[in-house]
Amino acid sequence: MKKISCSVTNCAHNCQDTCYANRVNIGGQGAKNTEETCCGSFLDKRHYSTLINNASEGKNSSNACDCLICNVATCTYNNNKLCNADVVQVSGENVNLYMETKCSTFKQK
0 MKKISCSVTN CAHNCQDTCY ANRVNIGGQG AKNTEETCCG SFLDKRHYST LINNASEGKN
60 SSNACDCLIC NVATCTYNNN KLCNADVVQV SGENVNLYME TKCSTFKQK
């Protein structure tokens, strides 16, 4: 199972630095660096925490997200829109919108 680490502390899918979204969508079609990528699955827990059950049920690693869709055609780890990195790190500080997140695992081809 792929582990998606997340340091976006105010994401509703984040529980103890692990992503519990049903599916993660990484965006940044022609990205040249991590700053040009983003996590399209980000939901601010101030607005969405009551709608998300997976993270609150966290602590059970079987609920952790293992489905990662990558739309970053310029990333080495992108294989037919699926990420083949062993571990994926999503990050961002003081995030309000998904565009303020990034895939720190990104490596340009």
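Residue numbers for the sequence shown follow numbering that gives the first Met the number 0, beginning at 0 and rising by one. Even glycine gets a Cβ: it sits at the ideal position worked out from N, Cα and C. Values in this document were obtained by computation on a predicted structure and should not be read as measured data.
Buried or exposed for residue i, please, with buried defined as at least 16 other CB atoms from any protein chain shown within 10 angstroms of its CB.
| i | result |
| --- | --- |
| C116 | What is shown of the chain runs 0 to 108, which leaves residue 116 out entirely. |
| L67 | buried |
| N21 | exposed |
For the putative contact between residue i and residue j, defined by C-beta atoms under 8 Å, what is the C-beta separation to the nearest angstrom?
| i | j | result |
| --- | --- | --- |
| Q28 | V86 | At roughly 23 Å, the Cβ-Cβ gap does not stay under 8 Å, so Q28 and V86 are not in contact. |
Would you report the Cα separation of residue i and residue j, rounded to the nearest angstrom?
| i | j | result |
| --- | --- | --- |
| N24 | S40 | 6 Å |
| F105 | A84 | 9 Å |
| K108 | N9 | 31 Å |
| N13 | C69 | 19 Å |
| S103 | S48 | 24 Å |
| T17 | K80 | 22 Å |
Specify the secondary structure class of residue i as computed by DSSP and reduced to three states.
| i | result |
| --- | --- |
| N62 | helix |
| K108 | coil |
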